[in-house]
Every structure is written in C-alpha cells, then in structure tokens.
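S.K.:
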Amino acid sequence: MGTGTPLPPEAPDSVAVVGMAVRLPGADTPEAFWRNLRDGVESITTFTDEELTAAGLPDAALNDPTRVRTRPVIDAPELFDAAFFGYSPGEAAVTDPQHRLFLECAWEALESAGHDPRGLGDGTAVSVFAGTGPDSYFLHHLHPRQAAAGPGAGSFQDLLGNSGDFLASRVSFKLDLTGPSVTVQAGCSTSLVAVHLAVQSLLGGESDLALAGGATLYFPQRTGYLYRQGGVNSPDGHCRAFDARAGGTTPGDGVAVLALRRLSDALEAGDPVLGLIRGTAVNNDGAAKAGFTAPAVDPQSDVAAEALAVARLDPADIDYLEAHGTGTPMGDALEVTALAEGYAGAPAGGLRLGTAKPNVGDTWAAAGAVGLVKVLLALEHEELPPLINCTEPNPAIDFAASPFRLNTGATPWKRGDRPRRAAVHTFGIGGTNAHVVVEEAPDLPAAPAPDRDWYALPLSARTPSALRAQAARLAGHLERHPALSLPGVCHTLLTGRARFGHRAVALARTRAAALLALRALADAGPGGAAVSGPGWTLVRPAGFGAESGSEPGSGSEPPGSGSGEGSAVPDRPAGSDGAGGPSAPGAAVEQARGWVDGGTGPAAPEIVPAPRKVVLPTYPFERARHFVEPPRFAAGGGPQPQPPAVAAHPRPALDTPYAPPADRLEGMVTQAWGSALGIEGVGRDDSFFDLGGHSLLAARVTTSLRAVLPVPTDVTDLLDAPPTAAGHAERLRRRLLEKLGELTDEEAAALAAELG
C-alpha cells in the first residue's frame, strides 16, 4: 500500500482505490478474506436435516436426490445494528439483508479510506453505484406471510426495503451523500459495471469520492439448491473453474464495496492508496450468440482490448487475470478463448489466470467487486493466491496456445522494475461484459511526522460496550501490524472516524504503551478504565462526565478510577507524578480531556501528528436479530401456525432516560408507536425519530390511533408536534378538548371516562 514503483506519467488519469469492505463466506473483513485465499480455503457449508427443516423445507424436500446440501453462505445475515443506522426494529426486519449488509460495508469502506462517514455532507460529492441479486428475502420470507394474511397485507415499506431500485439511494440517504446515486442491474457483471460508472463519474468531475459494489444473499439461506442437468449449478456443490471435472457453479452469498477517488485528490488528502484503476470498459453481446443466456466470444475479447487501450497498456504489461470463471464447461472455454484474443500479443503462458469462485461461490451482483478486492489484496501481500479445485485443466481449453497459465499454486508477486498489473473480467446473463485494469499503488515518500513525547489515540462509539470492542480491535490490529505508523494511527482516528458520545483517549509514548492503554480500556467495566505503567487512558462514558486514568510510571491508580468518578492527574502540576517521575504533559492531558468531554475544536489536532492516513479496524457494530422467518411446514407437508412476522424488540439505548406514560392517552400513543416501530416499552419522553421513525411509519401510527380515538387525526399531529410521545399526546389532547366542546355534558363525561 503506497510503497510500489514510482508514479508513471499516465497515472494522473488514474483512479485510486482508497478503501474496501466485504462480507463473504468465512470472511467479514478483507483481512480474513485474504487469509482464506492464501490458505486455499473452500468456504462452503454442508447443511443437516435439522438445518434444512429449520430453514422451512418440508419433509419431502429432504429426500429429493436433486437437492445439493452445500452452499457458500455468510454467517448470521439476520443480524443488524438497526439503531446505529436509524432503523426501527420493525423496519429493519422487513428490509432485505442485502441492503442492510451493503449499508454496513459502505460505512466500513469509507472508514477504511480514512473518512468519517458522517462528515461527508460538507459539499463533498460522494456517489454510490451498486446493485443486488434477486430479492429472494421478499419472495420466500415476506411475501408468503402477506399472501396468507390476505389482500392489503403488504406495505409500501416492504417495497422500499426490498426493491433493488432503492439500494444506492438508501445508502445516500442514511450517510447523507449528495453525489449521483445509481442502482445497477447487470447480473454477474453488476459490481464491475458499478466500478466502471464510478470511475467515469470521478474522471468526469461529477463525483469527488465514489462507492461501488454489489450484494447478493440467497434466501432461505441454509437450504442448498436444486441441481438440474444442463443447468449452470454444480451437481455436488463444488465449483471447479477451468478443471476437467467442472460441472457448474455454486451460488454464493457475498457483499463487496470499494471506495474510489481521483488519484490526485487521494494523494493530496493523504488517503491510503490500495491500488490504481488504470482502465475500464463495458459492452454487451447483442444478438451475436446462441441465446440470451449464453456468453459470446468476440464482445468479451473486445471489452478486454478496450480496457487495455483506455489504460494505454499492452497485453504483455499484465501479470495476472482474475477471470469470471464460473466453472461451467462451456462458459469457461468461451471465456478463455475470448480473453486469449483480447490479450493477443502477450507471451505464451506469461499471464497467470485464476478466479475466486471456487473459494466463495458465484456471488452474482458482487462477483466483479469480489474479484477486484482479491487482486488488491494480492498486490498488497505480493502473492497470487492459488486457484483451488483445479487439478487437471479442462481439455476443451487449449491453454498451450493461449497467453494463460493456471495459477494453481501460491505464487510470489514481488515488486520489480515496473508496476505490477492485473485485470478483472466479468460477464453476465444477458450479455453485459466488463473489464478493469488494475495497477499497484505508486511509491510515495514517507510523510513527515514530528517526534512527540506523547501520542494520543482518540476513540468514540455509540455505547460503552462498542467503545471497549473498538479498543480491543485496535489493539489486535496494532499487534498484527507492527510496522504500522503510530502517528498515522493517531491521525486517522481523529480525522477519519465519526464522533460519538462515548469517548476515550489513550495517551502513550510508545507502541507498547499504546497497546497497554488500549487493552486496559478493552477490559474495563462500564465505570471507567485504569492503566498502570507507561500508558495512560482517559475515558468518558456519555452522560456521566467521568474520566479515569493512571499516572504513567506511578504504578498506582488515581482516585475513583474503579468507579469512573475520578479525574485525570488530579491536583498535580503538569509534567510530574506523585513520586516526582515523568508524567503526561499537562497540555496533552487537558487537550485529551477536552476531546473526551465532547470538544471538536482546534485544540484536539495539536496532540495528533498529521501524516498520511492508514487502514484501521472499522466500527464494531452491535448487531441484533431483525428477521422475518420463512413459513414452516408440519410433518405432513402443510403449513404450521406462524409466529408474528416481526417480533417486538426492547427499547434501544437512548440518551433520554425512560419515563412511563403519564396517563391513558400517552399510553395509547406509546402503544401505537411501539406497534409501528416494533419496540416494547416506548417512553413518554422518547423521540419518534431517535427510535427510527419516519413519515411512512408516522402514517402507520396515525392509522392505528384513528381506530381508537373519537377525533380525526393526521400525520401532522406527530410530525409537527414536539417529536416525543408526550408531545404527540398533547397535540391529540387539544383535538379532544375541541371535541368535548361539541358534546353534551353526559357525552363529554363518558368520553373523559373512556380516555381516563
């Protein structure tokens, strides 16, 4: 990352990849994905009878000989940090997990690029280009329940939460991104086409930063799939791309998002540069093929040649090609034939060929971005991971007459006298082909970082538990990456992370001291943290105003460190501890305390050097189950009685303390809110919007209250009132008082008695 060959003269036209995030079978981070690639892991899961039944399959399906009981799946897609992104539990449950996980990865890609995802609404044009796979969550989980409930059971919210049309714009809304927001639907080419569009948007000047990628999750998740002779899926659940035993692909879950920026802007801002996109191209087969679903040769070779031309490179300049490689005998043969034409002129066997699909399956809309992430990881680690499940080349493919050599073993890919380069190729059903040429990051001079007596590592989170998890993640990352610049870590934490209410600062002279401070914070209870030794920690749980710390070198804890009520360096002069030894400078402590107490002003950056940003762990989301189960079947094959589609969740953690309804009217309002939001125990002082409310849910609340109140009400009674349950109830109370004036004494008394 940023230590490759010198910047070539063509590079100013390049786009830099500055961040990335994934959710893949067996890997929730790019780092974990790399370990699996490097070790040749096939990330597939085999399902038991119990799992198939739990997923909703009737008994008859368990004995179907065409059912393949394996598939590459993502762990726990039913979990989501709804409160973090402002979703109510009810809305989160009816939102496709493809959308939810893509939103998480969008946040992580921006954080990995060193950008505060909540701080981009400042005039920076951030665009989103992305697409999803089939909306099987709606088809298999939501729609059957709606059909059983009868006409009108569905909702507009279900459409918004499941249609691919709203994937990109939902991310733009949740993260306040104001650049172009475009959903792409091109089958397996979707995410690489999204990268192409993002590059065009950046080079055309309409975007300053772009997110590009895709998401595919198949539901019900743990049911395997049905094999059909002559179809595209593997008969045994294994993808064997380019192998003599290739029989088809395996449908895999996957999400991948990349953050892209013009190279000149990335260099100026000090962003991490993971690699360069030198050229992209997209085309379509048209009618020049056997059928709509069949691939074609000439258009694929054309798109590869065009991407090379855009990059101003020759075929011989490319070292590795990440192929589509579905593992279908015809598709693989056609792809190699096409790419051999596109790379005509490259020396025989000079281009290594591989694909990630045998590792993680065909991730459909995410496939191209997954391949691009793989290439960027290989550049970073200077190694081409092995193509697995390939022991004998497909005899229908003449590799000897092609520029390609199958990369069946791990291969060193060291930096040399020219930039290392690769290409990523995809094609999709319907004929959309995409090709991207990638180059290693340029060699960048070391950024100046003045020596400091003390380094400050600022952390913040929405909850105390997330703050501790963040400290643990960061400590583990520093241990795994001993060469990581400590000044760069400090700078990235301060300038590249969102600022939340729960905060901590670790002050340290050295990396070892920083690890001590972070580990102490990670292990601390809710009351605070104390560090004994050369590290020093400040903590403020939001709403409590407490700090705690240990005097460096004193070997003792300050008063109140166990309870979180003590002060840092209490009543002592800066620069000394109780024994006269060295201590954290008073200015550094005061600036750190100011940041911990909520400051964001110019004092805080003074304690943090400002070199280039570095890639660090992203926010530790606190996920909970938000999921609508598929219908169940009884032993005889008939449907079982179904539990409620959306289970109510406990009231989330809010800054506002819980206060119960003060009267029956407030109780009716909180009950209506809770029903619409999917929350138990709504308080009278709770904000509708803090609970994840919005105008559509306000309409649902209004409909519910109309059924029980003897006065007309509309959404303005909620949206125009103070946004608390008490404020909403007060607005309704005024309407009721107006109604009382129109009634006889007896009618008014009866109404008052009814409402308590």
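Residues -9 to 746, numbered by our numbering, are exactly what the sequence shown covers, in order. For every residue, glycine included, the Cβ atom is placed at its ideal position computed from N, Cα and C. No experiment lies behind these values; they were computed from the predicted model shown.
1. Give me whichever residues DSSP pairs with THR270 in a beta bridge.
2. Specify whether the stretch 162 to 170 and the stretch 191 to 202 touch according to this definition: at least 3 beta carbon pairs, one from each stretch, less than 8 Å apart.
3. Go through its chain and collect everything with a Cβ distance to ALA278's Cβ below 6 Å, but skip five positions before and after it.
4. Helix, strand or coil for GLU382, going by three-state DSSP, please let me know.
5. Helix, strand or coil for GLY535 per DSSP?
6. Curious, which full-length beta strand (DSSP E) runs of at least 3 residues does the stretch 342 to 413 contain?
7. Beta-carbon within less than 8 Å of THR692's beta-carbon, same chain only, minus the 5 sequence neighbours each way: which residues are those?
8. Only counting the same chain, and skipping five residues up and downstream in sequence, which positions put a Cβ closer than 6 Å to that of GLY421?
9. Among ARG408, ARG405, THR345 and ALA338, which residue has its Cα nearest to the Cα of SER392?
10. By alpha-carbon positions, which one of LEU377, SER450 and ILE64 ends up nearest to LEU27?
11. Considering only their Cβ atoms, is the gap separating ALA512 from ALA462 smaller than 8 Å?
12. To the nearest angstrom, report how far apart ALA453 and GLU612 are at their CA atoms.
13. According to the neighbour-count rule (16 or more other Cβ atoms, all chains shown, within 10 Å of its Cβ), is THR316 buried or exposed?
14. At the level of alpha carbons, what is the spacing between SER544 and LEU367?
15. Exposed or buried, which one is VAL5 when buried takes at least 16 other CB atoms within 10 Å?
16. Pick from VAL698, ALA488 and ALA346: whose alpha carbon is nearest that of GLY111?
17. How about GLY358 and SER179: do their beta carbons lie closer than 8 Å?
18. Could you give the uninterrupted runs of the alpha helix (DSSP H) lying entirely in the stretch 305 to 334, keeping only those of 4 residues or more?
19. So if DSSP puts ILE669 in a beta bridge, which residue, or which two residues, is it bridged to?
20. Which value, in whole angstroms, describes the spacing of the CA atoms of GLN147 and PRO210?
21. What is the rounded straight-line gap between the Cα of GLY418 and the Cα of GLN290?
22. Taking 8 Å as the threshold, find out whether the stretch 496 to 504 comes into contact with the stretch 460 to 477 through three or more Cβ pairs.
23. According to the Cβ coordinates, are LEU250 and LEU311 closer than 8 Å?
24. Once the 5 residues before and after TRP97 are set aside, which same chain residues still bring their CB inside 6 Å of it?
25. Does the distance from the CB of SER181 to the CB of ALA11 come in under 8 Å?
26. Ignore the nearest five residues each way along the sequence and tell me which others in LEU695's own chain have a CB closer than 6 Å to its CB.
27. Measure the Cβ-Cβ separation of LEU505 and LEU449 and say whether it is below 8 Å.
28. Return the first residue and the last residue of the beta strand (DSSP E) that SER171 is part of.
29. Tell me, to the nearest whole angstrom, how far the beta carbon of LEU165 is from that of VAL174; I am working on the premise that it is less than 8 Å.
30. For GLU296 and LEU341, I'd like the C-alpha separation in whole angstroms.
31. Whole angstroms is fine: what's the gap from PHE679's alpha carbon to ALA666's?
32. Cα separation between GLU372 and HIS131?
33. So GLY151 is in the alpha helix (DSSP H); what residue range does that whole segment cover?
34. Looking at PHE92: is its Cβ nearer than 8 Å to the Cβ of VAL247?
35. Can you tell me which residues form a DSSP beta bridge with MET10?
36. For VAL63, which residues in the same chain have their Cβ closer than 7 Å to its Cβ, ignoring the five residues on either side in sequence?
M.R.: A quick look at the data gives this:
1. Residue numbering aside, residue 270 sits at position 280 when the sequence shown is read from its first letter. Within the DSSP secondary-structure output, THR270 pairs in a beta bridge with VAL426.
2. In this structure the stretch 162 to 170 lies against the stretch 191 to 202, because at least three pairs of beta carbons, one per stretch, are closer than 8 Å.
3. Looking up residue 278 in the sequence shown gives position 288. Counting only Cβ-Cβ distances below 6 Å, and skipping sequence neighbours, we find ALA286.
4. Looking up residue 382 in the sequence shown gives position 392. Residue state, collapsed to three classes: coil.
5. The residue labelled residue 535 in the question sits at position 545 within the sequence shown. Here GLY535 scores only 31 on pLDDT, less than 50, and its place in the model should not be relied on; the value that follows carries that caveat. Coil at GLY535, not helix or strand.
6. Counting only runs of 3 or more, we get 394 to 396.
7. As a first step, residue 692 must be located in the sequence shown, where it is residue number 702. If the five residues before and after THR692 are omitted, its C-beta is found closer than 8 Å to the C-beta atoms of THR703, ASP704, VAL705, ASP707 and LEU708, all from its own chain and listed in chain order.
8. The residue you call residue 421 lines up with position 431 of the sequence shown. ASN274 and ASP275.
9. Taking the first residue of the sequence shown as 1, we reach residue 392 at position 402. The residue with the shortest Cα to Cα distance from SER392 is ALA338.
10. The residue labelled residue 27 in the question sits at position 37 within the sequence shown. Here the closest residue by C-alpha is LEU377.
11. Here residue 462 corresponds to residue number 472 of the sequence shown, with the count starting at 1. Here residue 512 corresponds to residue number 522 of the sequence shown, with the count starting at 1. In this structure, ALA462 places its C-beta atom within 8 Å of the C-beta atom of ALA512.
12. As a first step, residue 453 is located in the sequence shown; it is residue number 463 there, counting from the start. As a first step, residue 612 is located in the sequence shown; it is residue number 622 there, counting from the start. Note that residue 453 is Thr in the sequence shown, not Ala. One alpha carbon belongs to THR453, the other to GLU612, and they sit about 9 Å apart.
13. Here the question's residue 316 lines up with position 326 in the sequence shown. Here THR316 is buried: its Cβ has 16 or more other Cβ atoms, across all protein chains shown, within 10 Å.
14. Residue mapping note: residue 544 aligns to position 554 of the sequence shown, counting from 1. Residue mapping note: residue 367 aligns to position 377 of the sequence shown, counting from 1. Any reading at SER544 must be qualified, since the residue scores a pLDDT of 31, below 50, and its modelled position is unreliable; no value is offered.
15. Position 15 of the sequence shown holds residue 5. Flag for VAL5 reads buried.
16. Here residue 111 refers to the residue found at position 121 when the sequence shown is read from its first residue. Minimum Cα distance to GLY111 is reached at ALA488.
17. Reading the sequence shown from its first residue, position 368 is the one you call residue 358. Reading the sequence shown from its first residue, position 189 is the one you call residue 179. For GLY358 and SER179, yes; Cβs fall inside 8 Å.
18. Listed in chain order, they are 319 to 332.
19. Counting from 1 along the sequence shown, the entry for residue 669 is found at position 679. In the DSSP output, where bridge partners are listed per residue, ILE669 has HIS639.
20. Looking up residue 147 in the sequence shown gives position 157. Looking up residue 210 in the sequence shown gives position 220. Rounded to the nearest angstrom, the gap between the Cα atoms of GLN147 and PRO210 is 21 Å.
21. Along the sequence shown, one-based indexing puts residue 418 at 428. Along the sequence shown, one-based indexing puts residue 290 at 300. In a straight line, the C-alpha of GLY418 is about 11 Å away from that of GLN290.
22. Because the criterion of three Cβ pairs below 8 Å is met, the stretch 496 to 504 and the stretch 460 to 477 touch.
23. For this step, residue 250 is matched to residue 260 along the sequence shown. For this step, residue 311 is matched to residue 321 along the sequence shown. A distance of 8 Å or more separates the beta carbons of LEU250 and LEU311.
24. Working through the sequence shown from its first residue, we reach residue 97 at position 107. Sequence-distant partners of TRP97 (beyond 5 residues in either direction) whose C-beta falls short of 6 Å from its own C-beta, in its chain, are PRO107.
25. Against the sequence shown, residue 181 aligns to sequence position 191. Against the sequence shown, residue 11 aligns to sequence position 21. Remark: C-beta atoms of SER181 and ALA11 do not approach each other more closely than 8 Å.
26. One-based indexing of the sequence shown puts residue 695 at position 705. Same-chain partners within the cutoff: ALA662 and THR703.
27. Position 515 of the sequence shown holds residue 505. Position 459 of the sequence shown holds residue 449. No; because the gap between Cβ atoms is not below 8 Å, this pair is not in contact.
28. One-based indexing of the sequence shown puts residue 171 at position 181. Element bounds for SER171: 171 to 173.
29. One-based indexing of the sequence shown puts residue 165 at position 175. One-based indexing of the sequence shown puts residue 174 at position 184. The pair is not a contact, with the Cβ atoms about 18 Å apart (cut-off 8 Å).
30. Numbered from 1 along the sequence shown, position 306 holds the residue referred to as residue 296. Numbered from 1 along the sequence shown, position 351 holds the residue referred to as residue 341. If you draw a straight line from the Cα of GLU296 to the Cα of LEU341, it is about 18 Å long.
31. One-based indexing of the sequence shown puts residue 679 at position 689. One-based indexing of the sequence shown puts residue 666 at position 676. Going by the C-alpha atoms only, they are around 13 Å apart.
32. Residue mapping note: residue 372 aligns to position 382 of the sequence shown, counting from 1. Residue mapping note: residue 131 aligns to position 141 of the sequence shown, counting from 1. Spanning the two alpha carbons is a distance of roughly 44 Å.
33. In the sequence shown, counting from the first residue as 1, residue 151 sits at position 161. Note, GLY151: alpha helix (DSSP H), 146 to 152.
34. Your numbering for residue 92 matches position 102 in the sequence shown. Your numbering for residue 247 matches position 257 in the sequence shown. Taking 8 Å as the cut-off, the Cβ atoms of PHE92 and VAL247 count as close.
35. Against the sequence shown, residue 10 aligns to sequence position 20. Checking the DSSP bridge columns, you'll see MET10 partnered with LEU248.
36. Position 73 of the sequence shown, counted from the start, is the residue given in the question as residue 63. Close CB contacts of VAL63 within its chain, under the 7 Å cut and outside five residues either way in sequence, are with PRO15, THR35, GLN211, ARG212 and ASP243 (chain order).
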